[in-house]
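Q: The listed protein sequences derive, respectively, from chains A and B.
So in our numbering, spot 156 of the first sequence is number 156, and the numbers just go up one at a time.
So in our numbering, spot 199 of the second sequence is number 199, and the numbers just go up one at a time.
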Amino acid sequence: MTPLLSVTGVCKNYGARVGCADVSFDLWPGEVLAIVGESGSGKTTLLKCISGQMEASSGSVYYTTRDDRRVALDAMSEAERRFLMRTDWGFVHQDAREGLRMGVSAGANVGERLMAVGERHYGRIRGAALDWLARVEITGDRIDDSPWSYSGGMRQRLQIARNLVTAPRLVFMDEPTGGLDVSVQARLLDLLRGLVRKLGLAAVIVTHDLAVARLLSTRMLVMQGGRAIETGLTDQILEDPQEPYTQLLVSSVLQV
Amino acid sequence: MTAILKIEGLCKEFTLHQQGGVRIPVLDGVSLQVDEGETVAVTGASGRGKSSLLKLIYGTYLATRGAIHVRHCGGWVQTIRAAPRAMIELRRQTIGYVTQFLRVIPRVPALEIVAEPLIERGMEPSLAAERASHLLARLNISEKLWGLSPMTFSGGEQQRVNIARGFAVHHPILLLDEPTASLDDDNRHRVLALVEEARAAGSAILAVFHDEAERRRVCSREVHL
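(1) Start and end of the beta strand (DSSP E) containing Lys12 (chain A)?
(2) Please report the distance separating the alpha-carbon of Gly156 (chain B) from that of Pro150 (chain B).
(3) Would you call Ile24 (chain B) buried or exposed, if buried means 16 or more other Cβ atoms sit within 10 Å of its Cβ?
(4) Nearest by alpha-carbon distance to Ser24 (chain A): which of A:Ser6, A:Val212, A:Thr139 is it?
(5) Using 8 angstroms as the cut-off, can you tell me whether the segment 5-15 of chain B makes contact with the segment 62-71 of chain B, which would need three or more C-beta pairs spanning the two stretches below that distance?
(6) Only counting the same chain, and skipping five residues up and downstream in sequence, which positions put a Cβ closer than 6 angstroms to that of Phe14 (chain B)?
(7) Is Ile229 (chain A) near Met223 (chain A), with beta carbons less than 8 angstroms apart?
(8) How many angstroms separate the CA atom of Thr180 (chain B) from the CA atom of Ile138 (chain A)?
(9) Taking C-beta pairs closer than 8 angstroms, name the residues in chain B that Ser251 (chain A) reaches, listed in chain order.
(10) What distance in whole Å lies between the Cβ atoms of Val161 (chain B) and Phe153 (chain B), which are believed to be in contact at a cut-off of 8 angstroms?
(11) Check whether the Cβ atoms of Arg142 (chain A) and Ala96 (chain A) lie closer than 8 angstroms to each other.
(12) DSSP on Asp74 (chain A), reduced to helix/strand/coil?
(13) Do the segment 74-81 of chain B and the segment 27-39 of chain B make contact, defined as three or more Cβ pairs closer than 8 angstroms?
(14) Using the three-state DSSP reduction, which class does Ile268 (chain A) fall into: helix, strand or coil?
(15) In the DSSP output, what is Ile68 (chain B) paired with across the bridge?
(16) Check this for me: beta carbons of Arg188 (chain B) and Asn140 (chain B), under 8 angstroms apart or not?
(17) For Val204 (chain A), write down the residues that DSSP places opposite it in a beta bridge.
(18) Put Glu222 (chain B) into one of helix, strand or coil per three-state DSSP.
(19) Relative to the alpha-carbon of Ala108 (chain A), which residue among A:Asp88, A:Arg124, A:Gln94 has its alpha-carbon at the smallest distance?
(20) Should Thr64 (chain A) be flagged as near chain B, meaning a C-beta pair shorter than 8 angstroms?
(21) Starting from Gln33 (chain B), follow the beta strand (DSSP E) in both directions and report where the run begins and ends.
(22) Listed in chain order, which residues of the segment 221-237 of chain A have Cβ atoms closer than 7 angstroms to some Cβ of chain B?
(23) Closer than 8 angstroms, CB to CB, is Gln156 (chain A) near chain B or not?
(24) What separation, rounded to the nearest whole angstrom, lies between the Cα atoms of Glu239 (chain A) and Arg217 (chain B)?
(25) Measure the Cβ-Cβ separation of Glu178 (chain B) and Gln100 (chain B) and say whether it is below 8 angstroms.
(26) For chain A, check one thing: does any of its Cβ atoms lie closer than 8 angstroms to the Cβ of Pro179 (chain B)?
(27) Report the option in B:Ala193, B:Ile57, B:Gly21, B:Ile163 whose CA atom is closest to the CA atom of Ile88 (chain B).
(28) Can you give the Cα-Cα distance for Tyr63 (chain A) and Glu124 (chain B), rounded to whole angstroms?
(29) Counting only beta-carbon atoms, is Leu192 (chain A) nearer than 8 angstroms to chain D?
(30) What residues are listed by DSSP as bridge partners for Asp177 (chain B)?
(31) Comparing C-alpha positions only, which one of B:Pro106, B:Ser133, B:Val104 sits nearest to Leu118 (chain B)?
(32) Flag Ile80 (chain B) as yes if its beta-carbon sits less than 8 angstroms from any beta-carbon of chain A, otherwise no.
(33) Do you know how far the Cα of Lys48 (chain A) is from the Cα of Arg17 (chain A)?
(34) Leaving out five residues on either side along the sequence, give the residues of the same chain with a beta carbon under 6 angstroms from the beta carbon of Ile50 (chain A).
(35) Which residues does DSSP list as the beta-bridge partners of Ser251 (chain A)?
(36) In its own chain, which residues sit with a C-beta less than 6 angstroms from the C-beta of Asp88 (chain A), not counting the 5 before and 5 after it?
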């Protein structure tokens, strides 16, 4: 078995400022990795670099395709990379407005990803959209509504449906529950947890919330000042953190 | 008998960086071996590291020194410093860990919590649900509760849901941390019966039991820390 994603020595500098520095890890099929750390620690920069949304200053990211080819992200053409991002990969933004097309209906948001992979049959597209809306607990009578009429929690669920409709193998999430009410968060987390397990998805989730990491992830990577300072099993990092900063992070939470 | 777990010179020390780097030694050179089909009690006064020992074997704590060898899928694996995904695989197939505390997940019903390890091992969901119902019934959880999230259950009910989950699949190695603590007599006997059955099915069990009578009932020998 080969890792789905291999990240080696990824660095990103913003002028003289370090975004992230020399981060390496492997992600295996079905694994959920949480990247944690305080704001400004480089979590989102790293996520953007490894998901092809931003170019790294140095280092490499390799992805193993469905036909078992190991491809370097920066060696792919723009068209290939775009195709990958529309089919095999998903990206869930913290702000659903960045991940949705706000000008078209909810159903079109889900259907659009299917059309991007070649589906043309209107009935099937609508059927899949309805199915996915139901899976993220949005009732069918809201399918023709604009995402503008949706609440924050619903938009986030719609964004998840849009990402998962093409059966991706790897999903990147940037603070998927950030900015939502606690009750809405719980529902979204449970939904994500169920989907990730049922579909056997691999995921990289950026969060500053250790409770989110505990619920969703199998492994954790702790970042501080742009560097990955500690990595391990989620329960091990939370119950027996080794690095001073990780101990501070874990002991600062009331209960996880 | 056939050994399945071998621990050599296991040491654990916590370094508390937030409290002036103070070092807290917990285990100092523990060696033991557990065979298939035996139940070994871990004894020792409070603070001697009984729970820590179980967490070290499960990989929740990182050992400072020593070695832990586990027989897994026909070969021996040294688990200290093992890659996380190797540890996850060990947990899925070989090492089970049961405590009195259930980690409740909002909105997930009791039946699903218990069936989850079965489904993870590839059992068909309807069969998994059947086995889960059987266990919940044996542990005296009223059928009305099966479809509800244990969020609102009593402490004892949550504990028994967790035990049902822990015993749902067969683990060649089973770590039990006071599974019967604070249960009433009837429920305690139900849990002990599950422990005895797991041993009869060949599990190697390492257990912390507060109660001496319970230890005598299910354990064949003791390891004193």
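Ideal Cβ placement from N, Cα and C applies to all residues, glycine included.
Treat the numbers as computed from the prediction; the structure is a model and nothing was measured.
A: Taking the definition as stated:
(1) 5-14
(2) 11 angstroms
(3) exposed
(4) A:Ser6
(5) yes
(6) Ile24
(7) yes
(8) 42 angstroms
(9) Gln18
(10) 7 angstroms
(11) no
(12) helix
(13) no
(14) In this structure chain A extends from 1 to 256, so residue 268 (chain A) is not present and cannot be described.
(15) B:Ile7
(16) no
(17) A:Leu33, A:Phe172
(18) strand
(19) A:Arg124
(20) no
(21) 22-35
(22) Gly232, Leu233, Asp235, Gln236
(23) no
(24) 32 angstroms
(25) yes
(26) no
(27) B:Ile57
(28) 32 angstroms
(29) Looking at the structure shown, chain D is missing, and the protein chains on hand are A and B.
(30) B:Val208
(31) B:Ser133
(32) no
(33) 17 angstroms
(34) Val7, Val61
(35) DSSP output for Ser251 (chain A) lists no bridge partner at all.
(36) Pro168, Arg169
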